[in-house]
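Read in our numbering, the sequence shown has 427 at position 70, and its numbers run on one by one without any break.
Virtual Cβ for every residue (Gly too), placed ideally from N, Cα, C.
Heads up: the structure comes next, in structure tokens.
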Amino acid sequence: MDKLRIAIVGASIAGSACGILLQRSKKFDISIFEKRAADAMLSQGAGIGFSPAITQQLKEHDLIDQDFPYLDLTYNPSFVYEKAIDQERLLNDSKLILYAVNWATLYAQLTKRLMREQVHYNSQVTAISRENDAIKLTINNHETQAFDLVIFADGYDSIGHRWLFPDSKINFANYILWRGLTPIEKITDPARFLEIFTFSFYTRGVAAIYPILGAPTLDNKDKLFINWAVYEKSNQQHPLFPQPSDAHKNIAPDKMPASYLNYFKEVLSKEFSPFIREVLAGTLPPFMQAIEDRDASAYYQDRVCLVGDAGILIRPHAGSGAVKGFQDAFELEKVLTSSNNLETDLQQWSNARCQAATQLLNLSRSVGKFFVEEAPDWNALTREEMQNGFSAALAGRHYSYSK
Ligand SMILES: Cc1cc2nc3c(=O)[nH]c(=O)nc-3n(C[C@H](O)[C@H](O)[C@H](O)COP(=O)(O)OP(=O)(O)OC[C@H]3O[C@@H](n4cnc5c(N)ncnc54)[C@H](O)[C@@H]3O)c2cc1C
358 MDKLRIAIVG ASIAGSACGI LLQRSKKFDI SIFEKRAADA MLSQGAGIGF SPAITQQLKE
418 HDLIDQDFPY LDLTYNPSFV YEKAIDQERL LNDSKLILYA VNWATLYAQL TKRLMREQVH
478 YNSQVTAISR ENDAIKLTIN NHETQAFDLV IFADGYDSIG HRWLFPDSKI NFANYILWRG
538 LTPIEKITDP ARFLEIFTFS FYTRGVAAIY PILGAPTLDN KDKLFINWAV YEKSNQQHPL
598 FPQPSDAHKN IAPDKMPASY LNYFKEVLSK EFSPFIREVL AGTLPPFMQA IEDRDASAYY
658 QDRVCLVGDA GILIRPHAGS GAVKGFQDAF ELEKVLTSSN NLETDLQQWS NARCQAATQL
718 LNLSRSVGKF FVEEAPDWNA LTREEMQNGF SAALAGRHYS YSK
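Here's what the structure looks like:
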């Protein structure tokens, strides 16, 4: 019998995981299309967090090396800066077991496990059509290839998602992220940040700060960096964004307008303690990213699957982006390698993945609301009020790395 011809669109986290797992079974004829160049992604990316459980699962599936490098984070304090007395006040704290991973290290480990001849880099899927039982993909606007099944792992702006759900919209959350990666040598008191996931709350949102190791291909592999991200709401008389939608854009550091940079520097000097300010000021200009999400009613329809961010797109507060992509891939591999009734089993896979992702979507929206969108006056908040507010946002749900 002919092997099932499977196309995977996107060779980042979810696409690579699907590719590696499916190619190992030797039951399929797999082609992976990635619009970027092979080496374009290794210098990009910053930090992501893994629970011990997912790290173990990735090792068991041989998706990462046994000595995969990460930093152990064990403590999660939340501060607010009392400017009048120039001091930080502890708002909340908890223990955690979280592994801080460099995105590029994870990507590199996946890439080395893919069979090079199956991955077509510089190959953007530009059109999709259906002909009888086949799904046809047009690559770079000219060449067309036919497949029995297509797995779209093409991220937040997925062409596959738009094809299945033409009315589906990406929602801008009305807040943005400023982010950067500060080399540890720029920090006067690095011990203050090691093994620690720090939150620093301020008028328009919260800064999240934790250490990570350098990317694997650069000469900074064993160096330490402080990964930081400042969530900032854009919808209340924001000086840079007269309309909330004005903030709905991503800006790379080299394109950052001087007015944005000056505004951000002013926020740093007014809203953060000297410790936090030093970290955030260590990478200027920062990156600016719009926070978005998007739901989906299915992960599968008529020989087309969605995995990772191409399915349900979740705000970063759930700490789940990469993990969700891996779980989609693990479960999909089980179905494709062992099903006797592919159509029924893919429908079931779709329902289960949709349900799991919807729970994470709801968690991320609820935490985003408390931390940013409808944030209270942090300076007026007692520890007890903070704990109650956070518990209400979690509503019985918990993070996999909470201790
Ligand atoms: C370069 C890069 C850096 C990132 N850095 C971080 C980080 O530091 N921290 C973090 O938490 N998350 C990061 N992410 C996002 C993170 O990978 C995802 O949120 C999550 O892991 C789910 O991954 P994914 O594979 O579903 O989607 P993505 O990682 O977004 O991957 C989608 C892939 O599909 C490719 N693609 C898109 N459209 C097409 C098309 N039409 N044809 C062919 N290929 C296409 C893209 O080039 C990309 O490689 C990064 C993503 C990328 C692409």
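- Within the model, the alpha-carbon separation for residue 363 versus residue 483 is close to 17 Å.
- The beta carbons of residue 507 and residue 660 sit closer together than 8 Å.
- If you check the CB distance, residue 583 and residue 541 come in under 8 Å.
- In the three-state scheme derived from DSSP, where H, G and I count as helix and E and B as strand, residue 727 is classed as helix.
- Short of 6 Å from the beta carbon of residue 421, and not among the five residues preceding or following it, lie these beta carbons of its own chain, in chain order: 415, 466.
- Shown here for residue 493: same chain residues with a beta carbon closer than 6 Å to its own, the five before and five after excluded, namely 486, 501, 503 in chain order.
- When DSSP reads this structure, residue 709 sits in no beta bridge, so it has no partner.
- For residue 573 and residue 521, the gap between their C-alpha atoms comes out near 37 Å.
- Cα atoms of residue 756 and residue 675: separation of roughly 8 Å, rounded to the nearest angstrom.
- For residue 472, the number of other beta carbons within 10 angstroms of its own is below 16, and it is reported as exposed.
- For residue 425, the shortest C-beta to heavy atom distance toward ligand 1 is 7 Å or greater.
- Considering only 512, 558, 393, the residue with the shortest C-alpha distance to residue 497 is 393.
- Collapsing the DSSP output to three states places residue 406 in a strand.
- Between ligand 1 and the CB of residue 388, the shortest heavy atom gap is not smaller than 7 Å.
- Proximity of the stretch 669-689 to the stretch 709-721 meets the contact definition, three or more beta-carbon pairs being nearer than 8 Å.
- Between the alpha carbons of residue 376 and residue 365 lies a distance of about 7 Å.
- Within the same chain, 445, 446, 447, 448, 555, 556, 557, 558, 630, 633 come within 8 Å of residue 436 by CB-CB distance, once the 5 residues on both sides are set aside.
- By a beta-carbon distance limit of 8 Å, residue 536 does not contact residue 621. Their separation comes to about 11 Å.
- When secondary structure is reduced to three states using DSSP, residue 560 falls in the coil class, being assigned neither helix nor strand.
- Look at residue 448 here: in three-state DSSP terms it is strand.
- Around the beta carbon of residue 654, fewer than 16 other beta carbons sit within 10 angstroms, so the residue counts as exposed.
- According to the DSSP assignment, residue 682 belongs to no beta strand (DSSP E) but to the alpha helix (DSSP H) extending over 678-695.
- Counting along the chain, the unbroken alpha helix (DSSP H) around residue 466 starts and ends at 460-468.
- Of the residues assessed, residue 753 falls on the exposed side of the cut-off, its CB having fewer than 16 other CB atoms within 10 angstroms.
- Pairing residue 649 with residue 529 gives a Cβ-Cβ distance under 8 Å.
- The shortest C-alpha to C-alpha distance from residue 545 to any of 647, 619, 638, 479 is the one to 638.
- If you draw a straight line from the Cα of residue 610 to the Cα of residue 566, it is about 19 Å long.
- Relative to residue 442, the option among 543, 628, 510 whose CA is nearest is 628.
- In this chain, the beta strand (DSSP E) harbouring residue 588 covers 581-590.
- Check the Cα spacing between residue 499 and each of 562, 749, 480: the tightest is with 480.
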